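Contents: one structure, followed by commentary.
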Ligand SMILES: NC(=O)c1ccc[n+]([C@@H]2O[C@H](COP(=O)([O-])OP(=O)(O)OC[C@H]3O[C@@H](n4cnc5c(N)ncnc54)[C@H](OP(=O)(O)O)[C@@H]3O)[C@@H](O)[C@H]2O)c1
């Protein structure tokens with residue numbers, strides 16, 4: 038299998054274009070899943086405080102290093118601060134708690150998880166930790182263009198990554214163009230939209246899969262990469278992890294890239310941070326956190 042390629046972030050840090058997400062993995066399975074992913078060739082692991090599995094990720098990373106599978110510097114570990122951790126003091130404490138659970142002495146990427154709460158206070162912490170070398174790159178998630186321009190206009194160190202919902206049904210081309218202007222690397226979460234709205238059965242994706250001798254999942258991931266979007270698919274199945282990583286030996290031609298644009302519905306399948314009902318849902322989650330929400 039060809040190796041996953043890196044991209045350089047605005048500060049020169051190399052980030053794998055393809056990583057592995059660990060959201061919604063059944064309790065107790067994350068350690069095994071992450072070890073399988075590292076064995077399958079993934080080096081970027083994307084977790085979050087709110088996924089409640091940082092400690093399991095940490096155990097898997099330590100086991101992989103102890104087994105001589107990888108060196109720490111070959112890995113790219115991402116975690117995120119959630120809404121209740123926003124504000125200067127809270128994010129400072131949250132960072133060290135995440136680092137402790139992950140058994141690491143630095144993070145590769147630390148992200149503000151939601152564009153809610155006192156994320157400006159949090160950003161000052163990220164800037165300071167970045168200056169101290171405790172985080173190699175800093176960024177945000179789910180910031181739409183307006184919020185991203187606003188944040189970027191008021192900080193010393195601009196976000197280097199914006200991790201957003203992005204898949205063939207929600208392509209966000211205008212927002213990605215603005216990210217490029219700001220020097221922000223787009224990273225697509227839920228590249229398969231978790232299979233919602235028939236993603237894996239899209240006739241065009243099935244047709245292209247047949248044409249290139251690949252699967253619809255592989256076509257989707259390659260389309261993202263060719264569009265310059267980093268991807269972090271999740272799977273608990275080792276064979277799917279390997280399938281998803283096996284995308285570095287083919288290219289979609291320009292006409293097929295254009296055809297995939299026709300699948301855009303211009304609407305999120307999962308999260309709309311500007312929909313009041315969804316914002317309420319996120320705040321309700323904070324009153325009763327369960328693993329089934331973002
Ligand atoms: N920043 C944010 O707000 C945010 C929000 C959501 C997600 N994320 C990150 O993005 C990552 C990916 O998103 P996601 O996990 O929500 O969704 P996803 O990667 O779009 O989809 C995962 C689903 O697709 C299935 N799948 C994976 N590969 C497959 C294949 N080759 N063929 C068929 N089915 C396949 C998985 O099943 P199995 O697991 O059963 O194989 C799982 O049900 C997360 O894990 C998380 O790290 C970030």
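Numbering (the working numbering), first residue to last: 38 to 331. Where is the CB? At the ideal position from N, CA and C, for every residue including glycine. It should be emphasised that the depicted structure is a prediction, and the values quoted were computed from it without experimental measurement.
Inter-residue spacing [alpha-carbon to alpha-carbon] between residue i and residue j
{"i": "residue 48", "j": "residue 286", "result": "28 Å"}
{"i": "residue 62", "j": "residue 279", "result": "17 Å"}
{"i": "residue 83", "j": "residue 131", "result": "17 Å"}
{"i": "residue 140", "j": "residue 91", "result": "9 Å"}
{"i": "residue 312", "j": "residue 295", "result": "30 Å"}
{"i": "residue 53", "j": "residue 79", "result": "9 Å"}
{"i": "residue 271", "j": "residue 152", "result": "23 Å"}
{"i": "residue 187", "j": "residue 247", "result": "44 Å"}
{"i": "residue 215", "j": "residue 182", "result": "7 Å"}
{"i": "residue 257", "j": "residue 101", "result": "29 Å"}
{"i": "residue 274", "j": "residue 290", "result": "29 Å"}
Among the options, nearest to residue i - alpha-carbon criterion
{"i": "residue 204", "options": "315, 223, 103 and 191", "result": "223"}
{"i": "residue 134", "options": "175, 86, 113 and 304", "result": "86"}
{"i": "residue 104", "options": "93, 70, 76 and 91", "result": "76"}
{"i": "residue 159", "options": "125, 148 and 218", "result": "125"}
{"i": "residue 322", "options": "253, 42, 121 and 178", "result": "121"}
{"i": "residue 293", "options": "260, 200 and 271", "result": "260"}
{"i": "residue 168", "options": "263, 275, 266 and 194", "result": "194"}
{"i": "residue 282", "options": "113, 269, 165 and 142", "result": "269"}
{"i": "residue 176", "options": "251, 116, 319 and 227", "result": "116"}
Where residue i sits in the DSSP three-state scheme
{"i": "residue 334", "result": "Here the chain has residues from 38 to 331 only, and residue 334 is not among them."}
{"i": "residue 329", "result": "Any reading at residue 329 must be qualified, since the residue scores a pLDDT of 49, below 50, and its modelled position is unreliable; the value itself is stated next. Correct three-state label for residue 329: coil."}
{"i": "residue 187", "result": "helix"}
{"i": "residue 255", "result": "helix"}
{"i": "residue 319", "result": "helix"}
{"i": "residue 77", "result": "coil"}
{"i": "residue 55", "result": "strand"}
{"i": "residue 225", "result": "strand"}
{"i": "residue 284", "result": "coil"}
{"i": "residue 107", "result": "coil"}
{"i": "residue 98", "result": "helix"}
{"i": "residue 71", "result": "helix"}
Contact test: residue i Cβ vs ligand 1 heavy atom, cutoff 7 Å
{"i": "residue 277", "result": "yes"}
{"i": "residue 239", "result": "no"}
{"i": "residue 159", "result": "no"}
{"i": "residue 226", "result": "yes"}
{"i": "residue 252", "result": "yes"}
{"i": "residue 59", "result": "yes"}
{"i": "residue 77", "result": "no"}
{"i": "residue 191", "result": "no"}
{"i": "residue 281", "result": "yes"}
{"i": "residue 122", "result": "no"}
{"i": "residue 73", "result": "no"}
Short CB-CB distance (under 8 Å) between residue i and chain B
{"i": "residue 132", "result": "No chain B is present in this structure, which holds just one protein chain."}
For residue i, the residue or residues it bridges with in DSSP
{"i": "residue 148", "result": "117 and 176"}
{"i": "residue 207", "result": "204"}
{"i": "residue 267", "result": "224"}
{"i": "residue 48", "result": "Residue 48 is not bridged to any residue."}
{"i": "residue 83", "result": "58 and 115"}
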